[in-house]
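Just below is one structure, and these are the notes that go with it.
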Amino acid sequence: MIMSVKARLYGGLLFIVLCLFSTGASAHSTPNNMTEVVQGKNGFMYFASHEGLYKYDGYHFALIEALPAQWVYALTTNADKSMLYAASNGHIYAYDVLTGNVKQFADVTSKDMAVNGQHVYAATSKGVEVLSKKSAGNLQALVGQTVLKVLSHDGQVYALTNTGLWHLNLNHQRQLIKMPIHSGLIAAVGDRLYIAHEQTLYSYDLITEQVHKTSLNTTPSAMTIYKNSYLAMAMAGEVRLYSTLDKQFVSGVLNKSKLFFNSVYADSQSNLWAVADNEYEIISQDLNQFNLPLVSRYNVLGKDNQSLLMGTDSGVYRFVQRQFVAMDALNNALSKVQSNEITSIASDKVTLVGTTNGLYVWQNEQLSQLANGYILGIEKIAGCWLVSTSGQGVIVIDDNLVIEKVLNVDSGLAANEVLATNKFEHLLYISTSKGLSVYNVKTGNMSHSLTTQAGKVSKVAMLDKSVYVAAYGGGLYKQTNNGFKLLVSPRFITDLAVFNGSLYIATTNGLFTLVDETVVAIPHTEKQYFGANSLMAYNGAMYAVSNNGLLGLSNTNLQNDKPVLVSLMSVNDASLNALNDVQQASQMTLHFSNFDYALTQYYDYQYSHNGGAWINLNEPVVHFSQLNEGEHSLVVRATLDGSHFVKSAPIVWNVQGSFYKAMPLHGCALC
846 MIMSVKARLY
856 GGLLFIVLCL
866 FSTGASAHST
876 PNNMTEVVQG
886 KNGFMYFASH
896 EGLYKYDGYH
906 FALIEALPAQ
916 WVYALTTNAD
926 KSMLYAASNG
936 HIYAYDVLTG
946 NVKQFADVTS
956 KDMAVNGQHV
966 YAATSKGVEV
976 LSKKSAGNLQ
986 ALVGQTVLKV
996 LSHDGQVYAL
1006 TNTGLWHLNL
1016 NHQRQLIKMP
1026 IHSGLIAAVG
1036 DRLYIAHEQT
1046 LYSYDLITEQ
1056 VHKTSLNTTP
1066 SAMTIYKNSY
1076 LAMAMAGEVR
1086 LYSTLDKQFV
1096 SGVLNKSKLF
1106 FNSVYADSQS
1116 NLWAVADNEY
1126 EIISQDLNQF
1136 NLPLVSRYNV
1146 LGKDNQSLLM
1156 GTDSGVYRFV
1166 QRQFVAMDAL
1176 NNALSKVQSN
1186 EITSIASDKV
1196 TLVGTTNGLY
1206 VWQNEQLSQL
1216 ANGYILGIEK
1226 IAGCWLVSTS
1236 GQGVIVIDDN
1246 LVIEKVLNVD
1256 SGLAANEVLA
1266 TNKFEHLLYI
1276 STSKGLSVYN
1286 VKTGNMSHSL
1296 TTQAGKVSKV
1306 AMLDKSVYVA
1316 AYGGGLYKQT
1326 NNGFKLLVSP
1336 RFITDLAVFN
1346 GSLYIATTNG
1356 LFTLVDETVV
1366 AIPHTEKQYF
1376 GANSLMAYNG
1386 AMYAVSNNGL
1396 LGLSNTNLQN
1406 DKPVLVSLMS
1416 VNDASLNALN
1426 DVQQASQMTL
1436 HFSNFDYALT
1446 QYYDYQYSHN
1456 GGAWINLNEP
1466 VVHFSQLNEG
1476 EHSLVVRATL
1486 DGSHFVKSAP
1496 IVWNVQGSFY
1506 KAMPLHGCAL
1516 C
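846 is the number of the first residue of the sequence shown in this note's numbering; add one for each residue after it.
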């Protein structure tokens, strides 16, 4: 999803703008001729351009005046991103992003750099300059070669030159791939290096030293690692993701603008920054979530008897077979009445759609308006629709779609300004600007048994006959005999929902659940949601949606009910459909998946060979070399929280012929 409002990403950084002139930076518009972007430890983005190095705080660009306002040919960071290294005007400069201090680091002309430990590796037209961060002088490697790219990965350094791919350290240099290269890109995931050259993507396995080739439609202009399992590549104006596990492109085209991108970069919030000469695009694309179909200011979930529904500011979508499908007929009808910004959606025989300017019913492919005003929520209790509005109270509509009455101050409601509604059996809890009211649909009575000491209540949930309320900016409260008890919780709660006997809490900083009255972060969802705004239980799963994506959870422990299965297997680099008797299998690789992109990246994997101890995997891939003769068995298990595991069925095969000692090499990437 493209972030059309850039301030959304860095809303808390405005105060930095006031300090621009005191930190050696001056405000500018978007720089011209941008070439690269990286993120510093302070969270800011830094852009290299032909005019110097710029800092971007989410609102403004600021030129780093301590560096020359000249072409920055290369830009990189150290491991913790506290230090930037910029190559410009025949020099390499070290810039401390926390203090603003700059020093001229070395007199070297370089167009690419990598930092490894205490050394900076600078690619030049005559080899690699190895520069020490602590002492004067420098070493040289690959003398006489044109070095195109250098890469630091897992404590090692690799170089792409005009003669191929090289492995470097301070003591030796070794060629891994020999081939002529005039331009190219390099990246690394796990035990595999990736080289993009012309219209081919080469993957080099650091363990087996095997090379796999994938044909590309065009030559990539930029490439980076995304989420430790994907390559984000810019090709002919398109940014796409290539799965290193599945060896194929996924998710389609991510960007909106058709530009020639010089650089793509993944920041700490899983946003992709695609940089062209004079423009850039921010792509928020978290593959732990389902891909949203469009940019939307606010997304809300609903459901009918066919699928999960999602209302956006551009219409309604079904979530069918893991894809979003636009309800074109409904959306066209809504656009004609200028009411396609959806605020709520519910369905039972007919579909009711709340918008910013009215309530509509969709029935028999026809759209008709039932009420005016800003609609906040729709609930159905005991055969009645209860529709909350921002200023008219709650509208009660019978099953024949006739308005029975309006609950407002005249009928006992605390205030006509409704903030939210939540239903529990035959009761409707109504949060208003002046307190919390409870409406009994069966008796028609209104009560105010809950005090307002928790402030303005935004959401209400009931778990084990206990009432929990979220206050605007005030966190989570539990009702007691003496009023409300404040629990230690995030302040900005956007939704509450109960599923499988657990309370789910959506916040602006991730998803949480309640364990023994303690609010606990759900593992691996921290900061995945910028303003998570809706929760919905559907078809045995809890779904959470934000303007970034949709995530499906199967229970409190995030256990996926899908088993771990073999997704790909190969012997001697040849794919197999089934493992029976294996002949002369000096190399065997098995790839595992739960076939669920929404959760697969959260898993930690382990395997057991022939009933032995569980061994950790960096990736869901097991690689064997030189297996012993006889029967073998393998079980792989996976977890999202470190304690609850889902196991695969045992994989059994027989090896014929004598081999050496079994040597499982785990964590390999796809061959």
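Ideal Cβ positions, reconstructed from N, Cα and C, are used throughout, including at glycine.
Just so it is clear, the structure is predicted and the values come from calculations on it, not from any experiment.
Anyone know if the C-beta pair for residue i and residue j falls short of 8 Å?
{"i": "Ala1121", "j": "Asn1144", "result": "no"}
{"i": "Asn793", "j": "Gly1236", "result": "The requested residue 793 is not part of the displayed model; the chain covers only 846 to 1516."}
{"i": "Leu1273", "j": "Val1263", "result": "no"}
{"i": "Ser894", "j": "Pro913", "result": "no"}
{"i": "Leu1308", "j": "Val1333", "result": "no"}
{"i": "Ser1278", "j": "Lys1301", "result": "yes"}
{"i": "Leu1204", "j": "Gln1211", "result": "no"}
{"i": "Ser997", "j": "Asn961", "result": "yes"}
{"i": "Ser1180", "j": "Gly1147", "result": "no"}
{"i": "Val988", "j": "Lys978", "result": "no"}
{"i": "Gln1044", "j": "Thr1063", "result": "yes"}
{"i": "Ala919", "j": "Lys948", "result": "no"}
{"i": "Lys1268", "j": "Glu1224", "result": "yes"}
{"i": "Ser1478", "j": "Gln1432", "result": "no"}
{"i": "Ala1171", "j": "Gly1160", "result": "yes"}
{"i": "Leu1015", "j": "Leu1051", "result": "no"}
{"i": "Val1314", "j": "Phe1337", "result": "no"}
{"i": "Thr1266", "j": "Gly1222", "result": "yes"}
For residue i, which of the options has the nearest alpha-carbon?
{"i": "Val1158", "options": "Ile1248, Ile1190, Val1165, Leu1231", "result": "It should be pointed out that residue 1158 corresponds to Asp in this sequence rather than to Val. Comparing Cα positions, the closest option is Ile1190."}
{"i": "Val1467", "options": "Gly1475, Ser1412, Glu1474", "result": "Ser1412"}
{"i": "Phe950", "options": "Lys926, Ser1088, His936", "result": "His936"}
{"i": "Thr1059", "options": "Asn1123, Ala1067, Lys1092, Leu1030", "result": "Lys1092"}
{"i": "Asn1209", "options": "Thr1201, Thr1196, Leu1221", "result": "Thr1196"}
{"i": "Tyr1452", "options": "Asn1417, Val1491, Leu1472, Ala1419", "result": "Val1491"}
{"i": "Ala1351", "options": "Asn1177, Lys1304, Ser977", "result": "Lys1304"}
{"i": "Phe1519", "options": "Phe1105, Pro1465, Ala1079", "result": "The structure shown does not extend to residue 1519, since the chain is modelled only from 846 through 1516, so no value can be given for it."}
{"i": "Glu1464", "options": "Arg1336, Leu1435, Val1206, Ala1366", "result": "Leu1435"}
{"i": "Glu1124", "options": "Gly1385, Glu1476, Glu881, Asn1417", "result": "Glu881"}
{"i": "Tyr1284", "options": "Leu1479, Thr969, Val1232, Tyr1317", "result": "Val1232"}
{"i": "Ala1174", "options": "Trp1207, Lys1330, Tyr940", "result": "Trp1207"}
{"i": "Val1335", "options": "Asn1345, Leu1341, Gly1320", "result": "According to the sequence as given, residue 1335 is Pro; it is not Val. Measuring from the Cα of Pro1335, the nearest candidate turns out to be Gly1320."}
{"i": "Leu1076", "options": "Tyr940, Ser1066, Ser1088, Glu1083", "result": "Ser1088"}
{"i": "Thr1363", "options": "Tyr1322, Val1390, Gly1355", "result": "Tyr1322"}
{"i": "Asn1258", "options": "Val1239, Asn1245, His1271, Val1247", "result": "Going by the sequence as given, residue 1258 is Leu instead of Asn. Looking at the Cα atoms, Val1239 is the closest of the given residues."}
By the three-class DSSP mapping on this structure, what secondary structure does residue i have?
{"i": "Val1140", "result": "Reliability fails at Val1140, whose pLDDT of 43 lies under 50, so the model's placement of it is uncertain and no value is given."}
{"i": "Ser1192", "result": "strand"}
{"i": "Asn1116", "result": "strand"}
{"i": "Asn887", "result": "coil"}
{"i": "Asp1418", "result": "coil"}
{"i": "Val1500", "result": "strand"}
{"i": "Asp957", "result": "strand"}
{"i": "Lys1072", "result": "coil"}
{"i": "Ala914", "result": "coil"}
{"i": "Ser1028", "result": "coil"}
{"i": "Asp1149", "result": "coil"}
{"i": "Asp1309", "result": "coil"}
{"i": "Ser1180", "result": "helix"}
{"i": "Asp1243", "result": "coil"}
{"i": "Glu1464", "result": "coil"}
{"i": "Leu1104", "result": "coil"}
{"i": "Ser1256", "result": "helix"}
{"i": "Asp1441", "result": "The predicted position of Asp1441 is uncertain, since its pLDDT is 49 and thus under 50; a value taken from the coordinates is nonetheless stated next. The answer is coil: DSSP assigns Asp1441 none of H, G, I, E or B."}
{"i": "Leu1321", "result": "strand"}
Which one or two residues does DSSP pair with residue i in a beta bridge?
{"i": "Leu1273", "result": "Lys1268, Tyr1284"}
{"i": "Ile1220", "result": "Thr1234"}
{"i": "Ser1037", "result": "Note on residue identity: the sequence assigns Arg, not Ser, to residue 1037. BP columns for Arg1037 point to Val1034, Asp1050."}
{"i": "Glu1126", "result": "Ala1119"}
{"i": "Arg1482", "result": "Gln1451, Lys1492"}
{"i": "Met1155", "result": "Leu1146, Tyr1162"}
{"i": "Ile1350", "result": "Leu1341, Phe1357"}
{"i": "Leu1197", "result": "Ala1191, Val1206"}
I think residue i touches residue j, with their Cβ atoms under 8 Å apart; what is that distance to the nearest whole Å?
{"i": "Ile1031", "j": "Lys994", "result": "5 Å"}
{"i": "Lys886", "j": "Ser927", "result": "4 Å"}
{"i": "Ala1021", "j": "His1027", "result": "The question names Ala, but residue 1021 is Leu in the sequence shown. Leu1021 to His1027, Cβ: 18 Å. No contact."}
{"i": "Leu1086", "j": "Ile1040", "result": "With 8 Å as the limit, Leu1086 and Ile1040 do not qualify as a contact, their Cβ atoms being about 18 Å apart."}
{"i": "Tyr891", "j": "Leu929", "result": "6 Å"}
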